[in-house]
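Residue numbers (our numbering): 915 to 1500. Glycine included, C-beta positions come from ideal geometry on N, C-alpha and C. Remember, predicted model here, so these are calculated numbers, not experimental data. Here is the structure we will look at.
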RNA sequence: GCGCCCAUAGCUCAACCGGAUAGAGCAACGCCCUUCUAAGGCGUAGGUUGUAGGUUCGAAUCCUACUGGGCGCACCA
């Protein structure tokens, strides 16, 4: 309808242009907006205001000329000039109500594909280190990333979801070492557990699984393990030197294969836990990408070669540097240390190159707000590799602060209370988690109140929306009790009977779904859909309360049930894009 | 010190990328259940959009400075 009106305006402007009222060189961009106030009709345009200056006419006078030149349309009831020169369009009930038939016919397909594109977009999100279970801090990124990807797909953009597994680097070594030390403890070796090692209970479980599979094959004496190891921090030493020395000792005593047993046991166990966790959260990926593979497959070397060829590498003090300042970064970055090891950033560059080489037109990174400092260097790397930096997109997700009523829940790992995503989900449920996390704009700090998320009343938006869905289902059940059936055709052919204010509002709301979906998708703003669903549920509850559906007048009854069913369909479509279920009964 | 993000009703948040009288929910107050789920609905009240300038027909939105909050500034991951 918006497009239809824009076409009408365009035709009118052509007419005016031919008549010499506006200059032929004037190329206006026609904007048709949804009105905020019903008294302003259904749609409005500011075109007369925008053209007033070049046409050298006052806006209201110009608006009248445009209206006079508008082609006749059966969809329009009337037009009005308002305020400084807006043109308001009033659409007929019949043309608005036609949306109901489209929804009923297209079902879950309704509203999809409006931003259809051949541009493949990759969305990488969560990508938490596989050194422990997902934290609640990861929850918002998971919910946001999953919804953005689903929205893009719904809008018609080919999407791939990917998780970058940081299976290389020091943290993974500390993890493997932690497991080995717990393993030794369980076999009776009197280890003093390092202050900087991973202490979670899951480490014990992994250690147990290793000893179940390998008995005491990897047992070593305390003396073998601790010989010449520098002191830990509590003993007045350096905790980093201590744990790193233990890692080297583990590798030396166990040989590569033995060490790999602990390394892989830890990685596999934690990764499968993360997978399960995300899966239960309604989040799935097409690919889990190994950081380690970037080294073994030569991607890192290849990326550094490209930078070298393009002239952006230099050596200083034995280190190899990337001249990121050439692209506006604050400082240059080391990519290979004097000891020959490439840095984490070198992997990032290689990963970026790898993504583009896999044929993605756009790569979207979703990061926590604490990573904003990386944007400049990644953009720099993108350009230095020879790719258009516009193809690399970053969305930052601000932190969510958890509250239990008034009480703020501390998120420090040390406190140990309520830190994993799984615990959050167990307490408030998947649906409420998913919905709450995306109901705020991503770059807004948000407060997540657990008590509210668990409340089963209208105070809680997720129950409020799900209840609207369940209510429609309930009407269908009641219908059967009256020995009536829903006659869809009769409903569709009597949509003109839907003429109360509540019905008109609800129908108008339904007609907005496609543009809300599209807008939310292309702007990566799922909160727009969340808000829309709240408003749609609100419209439906108001309607439900004011107009009874199970009435003797069969034409009106069928029309109302058809409207309700269309509402149910949209609620279902929208909720599923946010990873929320649509229950038939509460 | 430098940089990024944020600031809207008492609280939690919107506002279709510059449009008309800035909107919802919660909290407060007043109503509606022998009627399809009251897990709901209707109404009232609530604002100098952090401050001060600027840009223009028009600003919560764009620009500048300031104030306050979050985060970052590794040869860590």
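Asked, Found
"When the Cα atoms are used, what is the spatial distance from residue 1001 to residue 1278?", "39 Å"
"If you reduce the DSSP assignment to three classes, tell me which class residue 1097 lands in.", "helix"
"Alpha carbon to alpha carbon, what distance is there between residue 1452 and residue 1423?", "10 Å"
"Can you tell which of 1402, 1478, 952 has the C-alpha that lies nearest to the C-alpha of residue 1382?", "1478"
"Taking 8 Å as the cut-off, is the beta-carbon of residue 1379 closer than that to any non-hydrogen atom of the ligand ZN?", "The model depicted lacks the ligand ZN and carries no ligand whatsoever."
"Should residue 1392 be labelled buried (16 or more other beta-carbon atoms within 10 Å of its own) or exposed?", "exposed"
"Give the straight-line distance between the Cα atoms of residue 1004 and residue 997, rounded to the nearest whole angstrom.", "16 Å"
"Note down, in chain order, each residue of its chain lying with its Cβ closer than 6 Å to the Cβ of residue 1264, except the 5 sequence neighbours on either side.", "1208, 1213, 1214, 1217"
"Is it the case that the Cβ atoms of residue 1352 and residue 1408 are separated by a distance below 9 Å?", "no"
"Does the beta-carbon distance from residue 1427 to residue 1446 come in below 9 Å?", "yes"
"Within its chain, find whatever has a CB closer than 8 Å to the CB of residue 1148; leave out the 5 residues flanking it on each side and keep chain order.", "1109"
"Pull up the DSSP beta-bridge partners for residue 1004, would you.", "992"
"Once the 5 residues before and after residue 1083 are set aside, which same chain residues still bring their CB inside 8 Å of it?", "1205, 1258"
"Using DSSP with H/G/I as helix, E/B as strand and the rest coil, what is residue 1517?", "The structure shown does not extend to residue 1517, since the chain is modelled only from 915 through 1500, so no value can be given for it."
"Find out if the Cβ-Cβ distance for the pair residue 1485, residue 1450 is shorter than 9 Å.", "yes"
"Please determine, among 1170, 1164, 1150, 1176, the residue with the shortest C-alpha to C-alpha distance to residue 1118.", "1176"
"Does the separation of the CB atoms of residue 1389 and residue 1489 fall below 9 Å?", "no"
"Report back the beta-carbon spacing between residue 977 and residue 955 to the nearest angstrom; my notes put them in contact at under 8 Å.", "Not confirmed; about 13 Å, so no contact."
"So is residue 1499 buried or exposed if we call it buried at 16+ other beta carbons inside 10 Å?", "exposed"
"Tell me which residue opens and which closes the beta strand (DSSP E) that residue 1126 is part of.", "Run containing residue 1126: none in the beta strand (DSSP E); it sits in the alpha helix (DSSP H), 1115-1128."
"Applying the 10 Å Cβ sphere with the 16-neighbour rule, what's the burial state of residue 1329?", "Only weak support exists for where residue 1329 lies, its pLDDT of 44 falling under 50; the value from the coordinates is given anyway. That one is exposed."
"Apart from the five residues just before and just after residue 1026, which ones in its own chain have a Cβ nearer than 6 Å to its Cβ?", "1068"
"Taking only the alpha-carbon atoms, compute the straight-line gap between residue 1252 and residue 1236 and give it to the nearest angstrom.", "14 Å"
"Please classify residue 1059: is it buried, with 16 or more other beta-carbons within 10 angstroms of its beta-carbon, or exposed?", "buried"
"By DSSP, does residue 1035 sit in helix, in strand, or in coil?", "strand"
"How is the alpha helix (DSSP H) around residue 1211 delimited, first residue to last?", "First-last for residue 1211: undefined, no H or E at that position."
"What is the rounded straight-line gap between the Cα of residue 1230 and the Cα of residue 1152?", "28 Å"
"Indicate the three-state DSSP secondary structure (helix, strand or coil) for residue 1041 in the structure shown.", "coil"
"Return helix, strand or coil for residue 1376, following the three-state DSSP convention.", "helix"
"Check whether the Cβ atoms of residue 1079 and residue 1041 lie closer than 9 Å to each other.", "yes"
"Whole angstroms are fine: how far does the CA of residue 1039 sit from the CA of residue 1394?", "46 Å"
"If you draw a straight line from the C-alpha of residue 970 to the C-alpha of residue 945, how long is it?", "20 Å"
"Taking the alpha carbon of residue 1192 as the point to measure from, which residue in 1403, 1338, 1402, 1356 has its own alpha carbon closest?", "1338"
"Name the DSSP beta bridge partners of residue 1282, please?", "1311"
"If you follow the alpha helix (DSSP H) that residue 1337 is part of, which residue opens it and which one closes it?", "1335-1342"
"In the DSSP assignment, find the beta strand (DSSP E) that holds residue 929 and state where it starts and stops.", "No beta strand (DSSP E) contains residue 929, which is instead part of the alpha helix (DSSP H) from 916-932."
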